[in-house]
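J.:
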Amino acid sequence: MLKNFLILTLLFAFTAACGTAQMQYSSKDKKAVKLFEKARTAPDAEKIEILNDALERDPNFLEAHDLISQIYADQGEFEKSVYHEKELLRINPAQNFNGTLYISIAQKQFALGNYEDAVKYTDMVINYPRRTVADAVMQEAYELQKSAKFSIEAIENARAITPINIGPGINTEYDEYFPTITVDGKVMLFTRKIPANNMMGFQEDFFVSELSDKFIWQMATAMPPNINSPLNEGAPTLSSDGKSLVFVACESPAGIKDYGPTKKGYGRCDMFYTKKIGSRWVDPINLPGYANTSNWESQPSLSSDGKTLYFVRRTGHGYEANSDIYVTYKDDKGYWSKAERLPENINTPFQETSVLIHPDGQTLYFASNGHTGLGGSDIFMSKKNPDGTWGDPVNLGYPINTKANENSLLVSADGEIAFFASDRDGGQGGLDIYYFEMPEELRPTKTLYFDGFVYDASTRNPLPGKFELIDIANDEVVITAEADKVTGEFLVALPTNRKYALNVSYPGYAFFSKSFDMTSGEDNEGVHMDVPMHPLAQENAIVELENVFFDLNKTTLRKESFTELDKLYKLLAENTSLKIEIGGHTDTRGDAADNQKLSEGRAQAVYDYLVDKGIAAERLKFKGYGETQPKISDEEIAKLATDKEKEAAHQQNRRTEYKIIK
């Protein structure tokens, strides 16, 4: 949390005043004064040498110490700057008439990671006579001391983290940063800064790598030329399935709202969108809607359902520029809303950057130099409260955060692994991407991937089926998406600790339903599901209603069944010639006659529901099959190893389904 050195303007005001009246110089050595005057107008590269010559002639020359301290501060050489500020105090303690020398030294000691010294010098400000200390200086002293004490405690309680270089498949001698990854952790896209024949000597392009083995990444390849242009592209964010990409492009140096071939924007940096169909990325377009403005928009992060986008907007220019985190929402037509600024407990008057919304949708990571931290930009975590507001940010601690700038954090869907960019020693060169095991207390809600293949049950040809994933407990639609138009594949993120109902539909086909339980979180590899779709013209095709539920040994429909039954009603209402038979089945446990009666009662309950909704009774039949048509025989069940597996098999035999009898 080292903010801009605003206080220094108060401290060094007397130097400018002295420049208009040479008689007021503290030095009486004419040659030293002459050297000082020469240094003030000399080229920057020569100033320090000339000032050192002046100080060699007069070690107590206040103005020379003052100016050389400023120069070292501007160069980031804070240790040397502090030396000369301490000399100012030694020569003339009264010069610190308003405590600004103390706060300046404290700021630089903090930037150097000398937190004990930062506490010492902020104490000097806090204990200074109040009438002479400006409110801004006193406020800075309290805030800086809070961060310094936090930093001391954070280092004393350092987290056990060992960053590991992700390897030569991704990292090179050039800079690699801003990684983004699919929810299954198998595809990583990132920004690489490569040499280029332009005025900057480099450009930013996207590269992509696939995981070939655990933590072994294949050699990264460049994205196609309709994505990578001769200008800069950066800060990508992928949808969970890796099929949608939002990224940032900045206008050409000519400043004519030109962002490269086919790309037009609103000025400065804008967010763009592209989609992968089959193996081809379509030409990117400016993000539809109202999220982009004439300001600088960058560093986007997509939610797992693709409907919410967090990003950073910078307003103002130069020293006055401020960057904050915003959020925008996509409507049913694919347009993004006017962005909303996140609240004051997230955004500060300083810089918030590198935002990441985790696939759980409840955990936000971001970088900031405005919250209490160890120096520079630190990485923070905020959790969403039950009322939908964001909780106060938590600093991720040391050594994730240090006295330097940290950003570009990426956390895997399961929350176990985090990635970041660093130029630390021992890498491939420049900024490299590293990973480490995320401490338990900093992890988001565990989120697993759910993938599958939608296809015609008769031909096995892929279908771009539309699917919904519904939280059975509260009937909340968690995910709405479509399978790939070419491959029929889908991949989404699902938070654990829920039971889900899957419904897949496509025109001309009976809808597919399935339920699965992710409350235990035991499946570390996610869930895969093949989705066969039966054409409505396929007579005698049987479709199981997996999300129709009854109480134990009862024929009363539970309310969790209504979503699925409403979909069946809609299918029948839209296909008026369709006729079906509803069948009820039980397992073999219990009395056969009772099972027969139970299965018939449950089939009739579904029949009655549809008739009550308005489906003509002559289009429907119902029949109870009891225990006569098990999906898994008792002999097969007896061979299963565990009671849990056996109970799951019995559950498959207890089912409600319908048969097309058109």
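Read in order, the letters of the sequence shown correspond to residues -23 to -1, 1 to 639 in mature numbering (1 follows the signal peptide of the UniProt record, and there is no 0). The beta-carbon is built from N, C-alpha and C at its ideal position, and this holds for glycine as well.
What does the alpha-carbon distance come out to for the pair Arg17 and Val371?
T.: If I take the Cα positions, the gap works out to 45 Å.
J.: As a quick exercise: from Ala458, Lys462, Gly404, pick the residue whose alpha carbon is nearest that of Ser281.
T.: Selected option, being the one with the closest Cα: Ala458.
J.: Please list, in chain order, all residues of the same chain as Arg632 whose beta carbon is under 6 Å from its beta carbon, the five residues on each side excluded.
T.: Here the set comprises Glu521, His562.
J.: Taking Val431 as the reference, which of Thr270, Asp461, Gln276 has the closest Cα?
T.: Answer by Cα proximity: Asp461.
J.: Any chance the segment 563 to 580 sits against the segment 540 to 552, with 3 or more Cβ pairs inside 8 Å?
T.: Short answer: they don't touch.
J.: Could you pull out every unbroken beta strand (DSSP E) segment of at least 3 residues lying fully inside the segment 296 to 351, listed in chain order?
T.: The segment 296 to 351 contains these whole beta strand (DSSP E) runs: 299 to 306, 329 to 334, 340 to 345.
J.: For the beta strand (DSSP E) that contains Leu279, what are its first and last residues?
T.: Run containing Leu279: 273 to 279, per the beta strand (DSSP E) assignment.
J.: What residue does the beta strand (DSSP E) around Ser490 start on, and which one ends it?
T.: First-last of the beta strand (DSSP E) with Ser490: 489 to 494.
J.: Just verifying my parser: in three-state terms, what is the DSSP assignment at Ile103?
T.: If DSSP states are grouped into helix, strand and coil, Ile103 belongs with the helices.
J.: When we look at the beta-carbon of Asn324 and count the other beta-carbons within 10 Å, is it buried (16 or more) or exposed?
T.: The residue is buried, with at least 16 neighbouring Cβ atoms inside 10 Å.
J.: Are the beta-carbon atoms belonging to Gln339 and Thr422 less than 7 Å from one another?
T.: The answer is yes: Cβ separation under 7 Å.
J.: Under 7 Å between the Cβ atoms of Ile410 and Ile193?
T.: Going by C-beta atoms, Ile410 is not nearer than 7 Å to Ile193.
J.: Run the CB neighbour count on Glu453, radius 10 Å, all protein chains shown included, and call it buried at 16 or more, exposed below.
T.: Result: exposed.
J.: If you pair each beta-carbon of the segment 343 to 356 with each one of the segment 117 to 132, do three or more pairs fall below 8 Å?
T.: With the cut-off at 8 Å, the segment 343 to 356 and the segment 117 to 132 touch.
J.: Taking the beta carbon of Gln84 as the centre, do at least 16 other beta carbons fall within 10 Å, making it buried, or is it exposed?
T.: Label assigned to Gln84: buried.
J.: Please identify the residue among Met495, Thr330, Asn269, Asp337 whose C-alpha is closest to the C-alpha of Ala344.
T.: The shortest C-alpha separation from Ala344 is found at Thr330.
J.: Does the segment 569 to 580 come close enough to the segment 529 to 539 to have 3 or more Cβ pairs within less than 8 Å?
T.: In short, these stretches touch, since the Cβ pair count reaches three.
J.: As an exercise, report each continuous alpha helix (DSSP H) stretch of at least 4 residues that is fully enclosed by the segment 74 to 136, in chain order.
T.: List check, alpha helix (DSSP H) in window: 77 to 88, 92 to 103, 112 to 133.
J.: Using only the alpha-carbon positions, how far apart do Glu541 and Ile254 sit?
T.: If you take the alpha carbons of Glu541 and Ile254, they lie about 30 Å apart.
J.: Do you know how far the Cα of Tyr154 is from the Cα of Phe167?
T.: If you take the alpha carbons of Phe167 and Tyr154, they lie about 6 Å apart.
J.: Within the continuous alpha helix (DSSP H) that includes Ser58, where are the two ends?
T.: 55 to 68 is the span of the alpha helix (DSSP H), which, as asked, contains Ser58.
J.: In angstroms, rounded to a whole number, what distance separates the CA positions of Thr149 and Glu393?
T.: The straight-line gap from Cα to Cα measures roughly 25 Å.
J.: Give me the residue from Arg257, Asn75, Tyr303, Val259 with the minimum Cα distance to Thr270.
T.: Here the closest residue by C-alpha is Tyr303.
J.: Kindly indicate which three-state DSSP category Ala50 falls into: helix, strand or coil?
T.: If DSSP states are grouped into helix, strand and coil, Ala50 belongs with the helices.
J.: If you draw a straight line from the C-alpha of Ser554 to the C-alpha of Ala594, how long is it?
T.: Cα to Cα, Ser554 sits roughly 13 Å from Ala594.
J.: Does chain D have any CB closer than 7 Å to the CB of Phe179?
T.: Looking for chain D here will not work: only one protein chain is present.
J.: Distance, Cα to Cα, Val508 vs Thr239?
T.: Those two C-alpha atoms are separated by around 38 Å.
J.: Roughly how many angstroms separate the alpha carbons of Asn73 and Leu66, rounded to a whole number?
T.: In a straight line, the C-alpha of Asn73 is about 7 Å away from that of Leu66.
J.: Thinking C-beta only, is Ile557 closer than 7 Å to Gly609?
T.: Checking the sequence shown, residue 609 turns out to be Ile, not Gly. Against a cut-off of 7 Å, the Cβ pair of Ile557 and Ile609 comes out as no contact.
J.: My output table needs one value for Lys443: the three-state DSSP class, helix, strand or coil.
T.: In this structure, Lys443 counts as strand in the three-state DSSP scheme.
J.: Using three-state DSSP, classify Tyr243 as helix, strand or coil.
T.: Three-state DSSP puts Tyr243 in coil, outside helix and strand.
J.: Which residues share a DSSP beta bridge with Val454?
T.: In the DSSP output, where bridge partners are listed per residue, Val454 has Ile447.
J.: Since Cys246 and Glu274 should fall inside the 8 Å C-beta cutoff, what is the C-beta to C-beta distance between them, to a whole number of angstroms?
T.: Yes, they are in contact, since the Cβ atoms of Cys246 and Glu274 sit about 6 Å apart, within 8 Å.
J.: What does a CB cutoff of less than 6 Å around Leu286 pick up in its chain, not counting 5 residues either side in sequence?
T.: Here the set comprises Pro277, Leu279, Thr305.
J.: Taking Phe427 as the reference, which of Leu468, Gln116, Ser492, Asp402 has the closest Cα?
T.: Closest option to Phe427, Cα to Cα, is Leu468.
J.: Measuring straight from C-alpha to C-alpha, what distance separates Gly347 and Phe87?
T.: So the two alpha carbons sit approximately 14 Å from each other.
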